[in-house]
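K.L.:
Okay, here's the structure, questions in a sec.
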Amino acid sequence: MMQAGTKKIAIQEGDIPSLAKDAVRKAYDRALKSGSSVLEVVDGQLVKSNPDGSRTILKALHPGRVVTPGTKIRLRK
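Right, dumping it as structure tokens:
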């Protein structure tokens with residue numbers, strides 16, 4: 023059985039994904055409101071989003087590598 027402190031930490035850790043999502047959204051909005059552009063991936067393309075709402079496609083991206091959790095990958099130098 024979990025102790026009270028351990029259970030509380032587990033509950034707080036469960037909140038991390040939604041907190042991170044909210045933080046990223048706020049940072050995105052704040053950057054655009056301050057007049058800065060933001061780089062993001064939209065439909066497999068690197069896109070520059072501008073404060074005026076316009077978007078510029080910068081580059082088509084290759085699909086990412088699908089990796090099974092626990093898999094070890096050796097990178098070439």
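In my numbering, the protein residues as written are 23 to 99. Every residue, glycine too, gets a C-beta built ideally from N, C-alpha and C. Values in this document were obtained by computation on a predicted structure and should not be read as measured data.
1) For V60 versus Y50, is the C-beta distance shorter than 8 Å?
2) Would you please state the rounded distance, in angstroms, between the beta carbons of L80 and V89? I believe it to be under 8 Å.
3) May I ask you to report which of helix, strand or coil DSSP gives K99?
4) How close, in whole Å, do the beta carbons of S76 and E62 come, if the pair is a contact with beta carbons under 8 Å?
P.N.:
This is what the structure gives:
1) Taking the first residue of the sequence shown as position 1, residue 60 is located at position 38. Taking the first residue of the sequence shown as position 1, residue 50 is located at position 28. Cβ distance < 8 Å, so V60 and Y50 count as in contact.
2) In the sequence shown, the residue the question calls residue 80 occupies position 58. In the sequence shown, the residue the question calls residue 89 occupies position 67. L80 to V89, Cβ: 25 Å. No contact.
3) Translated into positions along the sequence shown, residue 99 becomes position 77. Coil, per DSSP.
4) As a working mapping, residue 76 is identified with position 54 in the sequence shown. As a working mapping, residue 62 is identified with position 40 in the sequence shown. S76 to E62, Cβ: 13 Å. No contact.
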